[in-house]
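Notes for the one structure printed next.
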Amino acid sequence: MFKKLTHIILFLISVFDLTLGQLGFEEPEDTQNHLYPCWTYINCVSEEGGPERQKRDECMAPLQEADIGSGIDNVKKGYYKLETKGFLPLVEEFCSKKGSERKSAFDKITKGLTNYYMVTCSSPGGQDECGRWGDAADCVVALMEELNGQGKCEVSE
């Protein structure tokens, strides 16, 4: 369950190395250390309109605009001050940050989205949305695993 929760959130943020200690989880496994650099590569380094971003967009397709908006609203409530509401503006905001500021944003946004996912999946009426988040996360994590295997997730801050 922890691995699934982590993956669901990581894709979203462009943003999506997290420290789940505040949520009562263990630190991410060493095998997950590539998620932040891979997310950064996909959203901030790879070619706009290129295959990595096209695949990211395909992965995001199951999510409805309201799903993303609600997740971002949860982040804004207690985890990280975001200026944007939609996914692509969020990516732009994330990529405009540099170094430790971007890593910190990634961690905080991931925590907020993890919290949102847990609440949504435990809500009686949230199963459809929970499933959409799960499908999108599985797809994005597979993309990140593939890119990491190709050595593309090395990004300089």
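Going by mature numbering (1 follows the signal peptide of the UniProt record, and there is no 0), the letters in the sequence shown line up with residues -21 to -1, 1 to 136, in that order. Beta carbons: idealized from backbone N, C-alpha and C, even for Gly.
- [ ] Pull up the distance between the alpha-carbon of G65 and that of D36, whole angstroms please.
- [x] Rounded to whole angstroms, G65 to D36 spans 13 Å at the Cα level.
Open item on the list: By the three-class DSSP mapping on this structure, what secondary structure does G28 have?
Closed with: Residue state, collapsed to three classes: coil.
Open item on the list: Output needed for A84: all residues of its chain with C-beta closer than 7 Å, excluding positions within five of it in sequence on either side, in chain order.
Closed with: Closer than 7 Å at Cβ, skipping near neighbours: V(-7), Y59, F73 and K76.
Open item on the list: Quick check: the Cα distance between Y95 and Q43, rounded to an integer number of angstroms?
Closed with: When rounded, the separation of the alpha-carbon atoms in Y95 and Q43 is 15 Å.
- [ ] List the endpoints of the continuous alpha helix (DSSP H) containing Y96.
- [x] Its alpha helix (DSSP H) spans residues G78 to S101.
TODO: Using 10 angstroms around the beta-carbon of residue 164, count the other beta-carbons present and answer buried if the total reaches 16, otherwise exposed.
DONE: The chain is shown only over -21 to 136; residue 164 falls outside these bounds and no answer can be derived.
Open item on the list: Using the three-state DSSP reduction, which class does G105 fall into: helix, strand or coil?
Closed with: In the three-state scheme derived from DSSP, where H, G and I count as helix and E and B as strand, G105 is classed as coil.
- [ ] Identify whether A40 lies in helix, strand or coil by the three-state DSSP scheme.
- [x] Assignment of A40 by DSSP, reduced to helix, strand and coil, places it in the coil class.
- [ ] Consult DSSP for G130 and reduce its assignment to one of helix, strand or coil.
- [x] It is coil, neither helix nor strand.
- [ ] Taking L67 as part of the alpha helix (DSSP H), name the residues at either end of that continuous run.
- [x] Segment F66 to S75, the alpha helix (DSSP H) holding L67.
- [ ] Output the distance between the C-alpha atoms of I88 and V54, rounded to the nearest integer angstrom.
- [x] Cα-Cα distance, rounded: 6 Å.
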